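Chemist: Position 164 (the sequence shown) corresponds to 170 in our numbering; numbering is contiguous.
From the three backbone atoms N, C-alpha and C, an ideal C-beta is built for every residue, glycine too.
Note that the structure is a prediction, hence the values are computed from the model and not measured.
Pasting in a structure now, in structure tokens, and then I'll have a few things to ask.
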Amino acid sequence: MPELPEVETTRRGIAPHVEGSTLREVVVREPRLRWPVPATLAADSADQPLEGLTRRAKYLIFRLPRGNLLLHLGMSGSVRVIEAATERALKLHDHVDLRFDRATLRFNDPRRFGSLLWAPHPVESHPLLAELGPEPLGDDFDGDYLFARSRGRRGAVKNFLMDGHVVVGVGNIYASESLHEAGISPTRPAGRVSRARYHRLAQTVREVLQRAIDSGGSTLRDFLRSDGSPGYFQLKLAVYGREGEPCRTCGSAIRQRVIGQRASYYCPQCQR
């Protein structure tokens with residue numbers, strides 16, 4: 007599933023091709039996504055200048071004068087820039103085109119867990135966004151915030167960190183990596199992590215996510231290619247997917263267990 011760095015890299019990759027241009031047409035070939043694409047979406051959004059392309063959590067927001075297009079990549083979705091010469095060469099699962107003056111953005115989603123919705127102003131009050139926690143790279147996210155939100159919580163700190171109502175966009179890979187860098191066991195109850203350790207965790211979350219975004223920089227030139235998807239970045243992962251391999255810090259074997267129905271990876275020596 008694309009996580010926050012993948013979505014942010016997608017935003018950065020497509021923005022130069024559409025910012026300052028006008029959305030002329032939305033072509034919906036398959037409306038049956040996670041939620042049905044509204045029948046009026048094409049008419050609501052056509053012939054409007056794009057005022058900005060932003061991101062909230064894992065949602066891309068195309069800001070238009072009369073409202074907003076809210077795009078989620080789901081589990082397998084991608085957006086690529088299509089050149090005029092190849093616009094008619096459709097691939098399987100090419101469900102939606104956003105046709106701008108200068109470029110066409112094509113949304114492909116094999117599993118159809120993504121979504122494209124119309125959101126009136128202000129978009130921040132849309133039901134999918136209104137209850138979300140702060141951005142992990144924003145000013146509202148720090149150790150004091152995590153400590154305050156965690157008091158009284160008995161569930162695992164990894165589940166707490168992945169709760170979108172607490173903080174957005176910290177998915178399974180980056181939660182595992184951040185907890186390892188912070189030296190915190192993913193199974194430790196969230197309410198039993200100290201303020202000092204939450205300060206360290208908040209910092210490692212920022213660092214891990216920023217490294218992932220920075221690693222995506224070299225993929226930005228690839229958005230004109232036929233696949234168009236940045237995929238997961240080739241980070242030097244410390245624990246995720248490395249069960250049985252030696253910890254890069256202490257040499258102990260990395261372990262894996264299921265926490266909250268998700269595979270979790272950790273070092274039994276470095277993380278307490």
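1. Assess contact between the segment 67 to 86 and the segment 10 to 23, defined as three or more Cβ pairs (one per stretch) separated by less than 8 Å. Is contact present?
2. Looking at the structure shown, is Phe119 part of a helix, part of a strand, or coil, going by DSSP?
3. For a test of the three-state rule: what should DSSP assign to Leu207, helix, strand or coil?
4. Unbroken beta strand (DSSP E) runs of length 3 or more, entirely within the segment 40 to 90: which are they?
5. Could you please give the first and the last residue of the uninterrupted alpha helix (DSSP H) stretch that includes His23?
6. Count the other CB atoms, across all protein chains shown, that sit within 10 Å of the CB of Trp41; report buried if there are 16 or more and exposed otherwise.
7. What would DSSP say about Val32, mapped onto helix, strand or coil?
8. For Glu9, is the classification buried or exposed, using 16 other Cβ atoms within 10 angstroms of its Cβ as the cut-off for buried?
9. Tell me whether His101 sits in a helix, a strand or coil according to DSSP, three-state version.
10. Return the chain-ordered list of same chain residues with a C-beta closer than 6 Å to the C-beta of Gly266, the five sequence neighbours on each side being excluded.
11. Starting from Ser156, trace the alpha helix (DSSP H) in both directions and tell me its first and last residue.
12. Cβ of Leu75 within 8 Å of Cβ of Leu122?
13. Whole angstroms are fine: how far does the CA of Tyr180 sit from the CA of Leu215?
Modeler: Concretely, from the data shown:
1. yes
2. Locating residue 119 in the sequence shown gives position 113, where the first residue counts as 1. Coil.
3. Reading the sequence shown from its first residue, position 201 is the one you call residue 207. It is helical.
4. 58 to 62, 65 to 70, 73 to 78, 84 to 88
5. Translated into the one-based positions of the sequence shown, residue 23 becomes position 17. Per DSSP, His23 belongs to the alpha helix (DSSP H) from 10 to 24.
6. Counting from one through the sequence shown, the residue named residue 41 turns up at place 35. With fewer than 16 other beta carbons inside 10 angstroms of its own, Trp41 counts as exposed.
7. Residue numbering aside, residue 32 sits at position 26 when the sequence shown is read from its first letter. In this structure, Val32 counts as strand in the three-state DSSP scheme.
8. Counted from its first residue, the sequence shown places residue 9 at position 3. Its Cβ being crowded by 16 or more others within 10 Å, Glu9 is buried.
9. Start at 1 with the first residue of the sequence shown, and residue 101 comes out as number 95. Strand, per DSSP.
10. On the sequence shown, residue 266 is found 260 positions in, with the first residue counted as 1. Contacts found: Asn165.
11. The residue labelled residue 156 in the question sits at position 150 within the sequence shown. Start and end: 149 to 156.
12. In the sequence shown, the residue the question calls residue 75 occupies position 69. In the sequence shown, the residue the question calls residue 122 occupies position 116. Their beta carbons are under 8 Å apart, which means Leu75 touches Leu122 by this criterion.
13. Indexing the sequence shown from 1 puts residue 215 at position 209. Indexing the sequence shown from 1 puts residue 180 at position 174. Rounded to whole angstroms, Leu215 to Tyr180 spans 7 Å at the Cα level.
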